[in-house]
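All remarks here apply to the structure that follows.
Residue numbers (the working numbering): 10 to 257.
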């Protein structure tokens, strides 16, 4: 934990052309493969959420609980930061970025669902751990729709996942900025959450700041899930800043 105590003074030759002139003047013959590729790209751009056949609601392997260090987000976003999160006067520390259904490789997004959008009451009920209505709507649209759950059950599952993880005590009310090795931060989480394996957690950074802690959980939240792909995204730089928790 020594790292947590250090204060700051966060085209090949001869290849066939894709488009070539036909014998008829002014007419282009386009290869069928190019037409298909172009059509697919257009359709995905217009309605991609309904055309990705692999992304079926409820068809996934595990969850990733993403915990965002709110002071880093507010510092990085500056004037573009969500005022609900960064100008509300509430001292947010680790907050929920999202609960993401995940494949062993990759993840589904924007799945087709028969469920309605979250109600105002359902959104407001999450603001204590996800302090932004726009974030909550975005997370439902991109990730929640793929969980195979109603908004009520998805957000209840998100809260259960958040409450199952212990935050290191010092980081609940960090009053001064610190410099920390991401590996030390990961170890701190694993120490207060016995049984959490090293390949089920990743600490990410952006610029010179700690941004998120991502924890992989079984679908039923009954245990941790090894997630090498998530683990490989961990920050490898040693000295990262964690801005303090304060009332913005």
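We treat Cβ as the ideally placed atom computed from N, Cα and C, and that holds for glycine.
All values reported here derive from a predicted model rather than from experimental measurement.
In DSSP terms, what residue i is bridged to
i	result
residue 226	72 and 233
residue 212	222
residue 238	Its beta-bridge partners do not exist; DSSP assigns none.
Residue range of the beta strand (DSSP E) that includes residue i
i	result
residue 126	No beta strand (DSSP E) holds residue 126; DSSP gives it neither H nor E.
residue 250	249-251
Local Cβ density within 10 Å of residue i, reported as buried at 16 or more and exposed below that
i	result
residue 251	buried
residue 50	Legend: pLDDT at residue 50 = 44, less than 50; position of this residue unreliable, value from coordinates given subsequently. Flag for residue 50 reads exposed.
residue 160	buried
residue 195	buried
residue 211	buried
residue 244	buried
residue 64	buried
residue 239	buried
residue 84	buried
residue 200	exposed
residue 242	exposed
residue 235	exposed
residue 218	buried
residue 79	buried
residue 143	exposed
residue 172	exposed
residue 191	buried
residue 156	buried
residue 237	exposed
residue 197	buried
residue 247	exposed
residue 148	buried
residue 117	buried
residue 203	exposed
Distance cut-off 8 Å: residue i Cβ against heavy atoms of the ligand GTP
i	result
residue 250	This structure lacks the ligand GTP; in fact it carries no ligand of any kind.
Where the alpha helix (DSSP H) through residue i begins and ends
i	result
residue 161	160-173
residue 192	191-201
residue 147	142-151
At 3 residues or longer, and completely inside the stretch 71-109: list those beta strand (DSSP E) runs for me, N to C. If we require 3 residues or more, the beta strand (DSSP E) runs fully inside the stretch 71-109 come out as 71-78.
Below 8 Å, how does it come out for the stretch 62-78 and the stretch 217-234: are there three or more Cβ pairs, yes or no? yes
Check whether the stretch 99-113 touches the stretch 148-166, counting contact only when three or more Cβ pairs, one atom from each stretch, lie closer than 8 Å. yes
Three CB pairs or more closer than 8 Å across the stretch 92-100 and the stretch 201-213: no
Does the stretch 123-135 come within contact of the stretch 171-180, defined as at least 3 CB pairs closer than 8 Å? Touching, no, given that fewer than three Cβ pairs across the two stretches are closer than 8 Å.
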